[in-house]
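Reviewing the structure listed below.
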Amino acid sequence: GEVCTMINKKYGEFLPSMQSAEDLVAQVEGLSSNIDVLKAGIENEVQRDLNVAVAEFTELKQQLERDTLVLSVLKKLQEFDTAVKECNSALQEKQYVTAAQQLEQARSSLRSLESRRGFELKILKALGTELTVQTQNMIYHLGEEWQKLIVWKLPPSKGSSSLEALVLSELHLHTVPPQDEDTAVPPVAAVLQALAVLGELHSKLKDFGQLLLQYILKPLISHPSLEAVPEEQPDVFILRFRSQELALDESSPMEVFDKIKLVFEVLHKHLLSVPLEQPGEGRKEGRVTLAELLGELIWEELSDCLIHNCLVNSIPTNSSKLEQYKEVIESTEEFEKALKKMQFLKEDTTALLKYACNVDSHFANKKCQDVIMAARNLMTSEIHNTVKITPDSSVALPELPDPGSGDHVKVHRASSLLHNGTVKVGRESRLSPFTLCLPTCRISCSVQQLVELAYHTLLEATASTDLCCVQLFDCVRNIFQLFYEVVPTYHRENLQKLPQLAAIHHNNCMYIAHHLLTLGHQFRYRSTSVLSNGAATFVDLVPAFRRLGMECFLAQMRVQKGEILERLSSARNFSNMDDEENYCAANKAIKQVLHQLRRLGMVWQDVLPVNVYCKAMGALVNTALAEIVTRIAALEDISAEDADRLYSLCRIMVEEGPQVFTPLLEEDKNKKYQEEVPVYVQKWMTFRELMIILQANLQEIVDQWADGKGPLAEAFSAAEVKSLIRALFQNTERRAAALAKIK
């Protein structure tokens, strides 16, 4: 029973909770259907209304944008119009700066109108034209004002660079404000500022700068007699010239700098100190003076002109004057400082000073140029003006200190002479005075001067700075290389045609080679560093110069030998001398050869060194004798009369040949060389033997042969002697016997 009661109790509690759950389900279902209805409503009606509203809003927004745009365009058009009007009225009152600024304002309004995309107004084109007209009008007015402020009175264009014309140039500046008018902005500043605003100042200044250079600055630099005369009057400032009668040929840089500085000072006072607002151009401070602008335009050209027409000329030509050049360097520095103070130069500009301080290098360049010019003139001068060189003759050279003394003298006496003969080798050892001496001969004066030029340039080098020293040393090497290239080419024709010149050129080359051997060495002890390390030598050029002299002379020898053989070729081979005509031809040929040799002997006399002279003449005489011997030895038949005539022809050669040896001017001294002819003429004894054969009988010929041990055997081969015997003698048993002994 108790269980039933419990179940009933639980059931009683469960029923109401189930009831409330069911109620809840019913409520939820009702709510859900309400939501469905609402959702359908939103989808059908509200969404539609919303879309309409958004479309309307967008349209309104576009409308507003259009209106704003039109408004801003109208505003810009209005701005443009106002600016142009303002500009016009300002221009009438000569308020140039305001006018220019208004014009720029109009320009920027127009620019912003043009920059709008998809908005091309026909009116813009018309506005652009209007603006151009206004600008040109304004520029014209400013140009007029500029011409009133700055007036040039220039000489007529013809001959405007002559001194007389230049003196007439004047510059008038009407930039002095009149005393009574108290204007806030002086008219000059207004005009310049307005030009600057319009971007026209640059071209105006450029023209002004060019006139300033052409008619004032450059003339002052290049005409020492001109000086600038400034003149101030109440309403105008005038710059004109005065010409001093007694002026030097060249002004010192100091004087030129002073003249130029004066011009800039007065210009600065009356014109260039005007400060300007520089529109745009990214200038930090925005303000700039006219001087700065003008400086940028003309300084490069002006500094070039100062360097080339003033500083270059002041570079000293010898090292002793380099000390005094400090003054020039100082005044250059002062000049640059003064121009920087007037703001004409930027702080970092130092072109002039750099040039002046680099005086060593310029000195060397100038020196080298002068030396090379002098050398070139010497090389192209006449070869035949000669001077005699003897072993003890000396070049006018400076005294070089004894190597042992270690004496580096700064000042050199160029008076004492260095002998060609004695060469100092070291402290103790002395070579014989004639080891490196030149034989007596003649050389061109120009070559002697060339070698002296080389010595003096090297001497200058040893006294200079290292840089300069190296440059001058190279310059001396260049002189000799130049000689090597210029002389043989420049004088080519004469060296080929004239035997005397060929001989002088030979001597010139040997003389130069001789000096090149010791040239570097002599300066080793002078120099502090650069030349003293032994690298400064000229020895490497020696073989080339010897070769140059030899080749030229040998070429001349070949020409002379050719002429000798040419003349002997007309001697009809020396055959059939019993024919009068043949004999005359041979006689004439020999006379011509002797004449040629005599003439050479004269033109080389006192020119070639004696040993070279004797070798050369010996070789030429030898050519003649060898040719005659060859021709006679080749004859197949020689009659008794032929033999006599051939002998008499040969005797002419033997008697007159030695007389062509006249190396010296003093006649009596030439005997010695004439007696030594056999030494210089290789075929002399052969020729004498030939003459003996022409006069001898068979027995005498056999005796002269002496079983191949006699003098005849030294001169001729067995075959040649046999051939001569067959030509001279009839075919007899005695001849056969004689021939048998020649072997």
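Residue numbers (the UniProt record's numbering): 1 to 743. C-beta: ideal position from N, C-alpha, C; glycine also. This structure is a prediction, so every number in the text was calculated from the model and none was measured.
Check                                                                                                                                                  : Outcome
Using a Cβ-Cβ cut-off of 9 Å, state whether LEU498 counts as contacting chain D.                                                                       : The chain inventory of the structure shown lacks chain D, comprising one protein chain alone.
Along the beta strand (DSSP E) that carries VAL387, what are the first and last residues, could you check?                                             : 386–389
Can you tell me which of the three DSSP states VAL151 falls into?                                                                                      : strand
When you compare only the Cα positions, how much space is there between CYS4 and LEU31?                                                                : 41 Å
Which residue marks the beginning of the alpha helix (DSSP H) containing ILE329, and which one marks its end?                                          : 326–341
By DSSP's criteria, PRO275 is part of a beta bridge. Which residues make up the other side?                                                            : THR289
Using 9 Å as the threshold, is the C-beta distance between PHE241 and SER169 below it?                                                                 : yes
Is the beta carbon of LEU625 less than 9 Å from the beta carbon of PHE523?                                                                             : no
With distances taken between CB atoms, is the gap from ASN622 to VAL681 smaller than 9 Å?                                                              : yes
Looking only at its own chain, which residues have a Cβ that is under 8 Å from the Cβ of LEU594, when we skip the five neighbours before and after it? : ILE652, MET653, GLU656, GLY657, VAL660
Whose C-alpha, out of VAL559, LEU495, ARG477, is nearest the C-alpha of GLY520?                                                                        : ARG477
Taking its Cβ as the centre, do 16 or more other Cβ atoms sit within 10 Å of TYR11, making it buried, or is it exposed?                                : exposed
For ASN507, does the count of other Cβ atoms within 10 angstroms reach 16, so buried, or fall short, so exposed?                                       : buried
At the level of alpha carbons, what is the spacing between ALA228 and GLN92?                                                                           : 39 Å
Shortest alpha-carbon distance to THR465 belongs to which of VAL359, HIS491, HIS514, GLU551?                                                           : VAL359
Given 8 Å as the limit, is there contact between the segment 606–615 and the segment 578–595, that is, 3 or more CB pairs closer than that?            : no
With DSSP collapsed to three states, give me the class of SER251.                                                                                      : coil
Using the beta-carbon count (16 or more within 10 Å), is ASN670 buried or exposed?                                                                     : buried
Per DSSP, which residues does PHE57 bridge with? Please list them.                                                                                     : In DSSP, PHE57 forms no bridge with anything.
List the endpoints of the continuous alpha helix (DSSP H) containing ILE504.                                                                           : 499–522
Under 8 Å Cβ to Cβ from ASP563, same chain only, skipping five residues before and after it: list those, please.                                       : According to the sequence provided, residue 563 is Glu. The question's Asp does not apply to it. For GLU563, where only same-chain residues beyond five positions count, the Cβ hits under 8 Å are GLN596.
Do PRO488 and GLN560 have their C-beta atoms within less than 9 Å of each other?                                                                       : no
Taking the Cβ atom as the reference point for each residue, do VAL84 and GLN102 lie within a distance shorter than 9 Å?                                : yes
Quickly, what does DSSP pair PRO609 with across the bridge? List them, please.                                                                         : None; PRO609 has no bridge partner.
Compare the beta carbon distance of PRO316 and PRO391 with 9 Å and say whether it is the shorter of the two.                                           : no
Could you give the first and the last residue of the continuous alpha helix (DSSP H) run that contains ILE725?                                         : 718–728
So, under 8 Å CB-CB, ASP606 and LEU665 are touching, yes? Tell me the CB distance rounded to an integer number of Å.                                   : 5 Å
Could you give the residue range of the beta strand (DSSP E) that holds PHE241?                                                                        : 237–243
How is the beta strand (DSSP E) around ALA228 delimited, first residue to last?                                                                        : 226–232
What residues match up with ILE443 in a beta bridge as DSSP calls it?                                                                                  : VAL387
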